[in-house]
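Reviewing the structure listed below.
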Amino acid sequence: MTAIRSLPLTGIRILDFSQVQFGPMATQILADFGAEVTKVERPKLGDISRTIDVRSSGIEDSASFLAVNRNKRSLVLDMKNPRAMGIVHELLEKTDVIVMNFRAGVAERMGLGYDALQEKYPGLIYASGTGFGESGPMKNMGGQDMALQSFSGSTWHNRDDTGRPGIFPIPFVDFGAGMALVQGILMALVERSASGKGQRVDVSLLDTALFAQMNEYTQWMMRRFEINWERDNLVGSFKTSDGWINIVGLFRPDPLEAVCDALGIDNLTIRPEFATSELQMENREALWSILDHELSRFTTDEAVQKLSARSVLCAPVLDYDEVLAHPQVINNDIIRTVDHPTAGPIRVIDNPIRLSAAGSRKYSPAPLLGQHSEEILAELGYSSAEIDELRVDGLISSPSRPSFA
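The opening position of the sequence shown corresponds to residue 411 in the working numbering, with each subsequent residue numbered one higher.
Written out as structure tokens, the structure is:
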């Protein structure tokens, strides 16, 4: 008989005070693989991401919140009430990891500073995310993905031909920081298994944004050379008869010759103005005009087949609906349907990590605000009468709709 395997983080308990994207994405990844995550939220509003764009969605919780909070339980606590810290400490007695992304000094004022908790709970792993770091002249400033894109040079690097800086339309800093926080927590758990001691795990959005540009910064520091893949002579999107194709003419010495061969046209590199990569860059507008014309003779699928046959890196430019319907995406089983208690069935993006020896994954929807408050307190030993008293005092709340700020 084959033994039923558990998920690798089964038994790990996480107390999560983080909100928006950075911290919640990290704790969702850990929850996906078995960690028990208790999300502590403030009364009425909860995680501020609950109400981002919610008015246009018709769902009480925003897509931003639903995307990064599955497999968690929600506990509403009024942390301004002195009795709240008593409940927090009861939870910490059974907690392996505490996660937060407060501004510098906030955790200390709440009584949740690292030094105080380390002394009381020496095995606790204290994971914190900040905008700019735990020290330095900007430690007290709040951070947000788009602000850190700008501060880190990414927005400048993404400027258009007029010089106007451009924000990347996906929160790569938040998501990169979330992944880094997961890695730090897992390493701290491994180290604790040997030493028995917890430690602090710090990840800042600033450091993550610089880390994401390590190639660009290394080139800049060594050579004062700015990498911009999109401005390469053969990197970009070209129009086909029914859509667009993106060509990545890198990692080979003769990309233009290979493209010409694939399209069945004369080798453009024999023309003086396109003889070298440098000349192709200098005459990029003329070159792209020719390639646009030639590629317009083919459908996107035909162009992909022809270029791929010559080992030219390329891909169709797909919109979201095309991606969701693509056989490869369906095969990867990356889209999951979960039953939300008020929104009904909703589709979300699954975790990209696949472990061959792990047990079956669970899929519970993002919780309603305070959905598990009573359940969590009952597990701590509170009676129904005591829970009712806490609710009357406003310390906790039952499941509710988040209020708009």
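Note that CB positions come from ideal geometry on N, CA and C, so glycine has one too.
Residue i and residue j: beta carbons closer than 9 Å?
i	j	result
Val-507	Ile-439	no
Asn-511	Ser-774	no
Leu-534	Ala-619	no
Leu-476	Ala-696	no
Arg-634	Asp-671	no
Asp-555	Asp-584	yes
Asp-426	Val-509	yes
Glu-451	Gln-431	no
Gly-780	Pro-809	yes
Asn-656	Phe-648	yes
Gly-539	Ala-473	no
Asp-874	Asp-743	Residue 874 lies beyond the residue range present for the chain, which begins at 411 and ends at 815; the question has no answer from this structure.
Run through the DSSP bridge pairs and tell me what residue i is partnered with.
i	result
Arg-423	Glu-446
Asn-656	Ser-647, Ala-725
Ser-614	Thr-540
Gly-754	His-750
Mapping the DSSP letters down to three states, classify residue i as helix, strand or coil.
i	result
His-736	coil
Ser-466	Unreliable placement is indicated for Ser-466, whose pLDDT of 48 sits below 50; the coordinate value is still reported in the next sentence. Of the three classes helix, strand and coil, the one that applies to Ser-466 here is helix, per DSSP.
Arg-602	helix
Val-430	coil
Arg-513	coil
Val-478	coil
Leu-485	strand
Ile-497	helix
Ile-745	strand
Glu-451	strand
Ile-759	strand
Arg-574	coil
Ile-508	strand
Ile-535	strand
Gln-438	helix
Asp-584	helix
Asp-711	helix
Met-411	Because the pLDDT at Met-411 is just 38, under 50, the model does not fix this residue reliably, and the point stays unresolved.
Gln-559	helix
Gly-594	helix
Thr-565	helix
Asp-664	coil
Leu-800	helix
Tyr-792	coil
Arg-771	coil
Phe-635	coil
Gln-690	helix
Pro-682	helix
What is the C-beta distance between residue i and residue j, in whole angstroms, given that I count them as a contact (C-beta under 8 Å)?
i	j	result
Asn-491	Leu-787	14 Å between Cβ atoms; not a contact.
Asp-471	Arg-483	Actually they are not in contact, since the Cβ atoms of Asp-471 and Arg-483 sit about 15 Å apart, beyond 8 Å.
Pro-532	Gly-608	6 Å
Val-714	Val-669	About 13 Å; that fails the 8 Å criterion.
Arg-771	Leu-417	7 Å
Leu-485	Lys-449	7 Å
Gly-553	Gly-563	Not a contact, Cβ separation roughly 15 Å.
Glu-683	Asn-693	5 Å
Glu-500	Leu-790	5 Å
Quick test of the definition: if touching needs 3 or more C-beta pairs under 8 Å, does the stretch 591-609 touch the stretch 664-681? no
Does the pairing of the stretch 606-618 with the stretch 584-595 give three or more beta-carbon distances under 8 Å? yes
Would the stretch 705-715 count as touching the stretch 647-659 if we require 3 or more Cβ pairs under 8 Å? yes
Would you say the stretch 674-693 touches the stretch 740-754, given that touching needs at least three Cβ pairs under 8 Å? no
Do three or more CB pairs link the stretch 538-546 to the stretch 565-574 at distances below 8 Å? no
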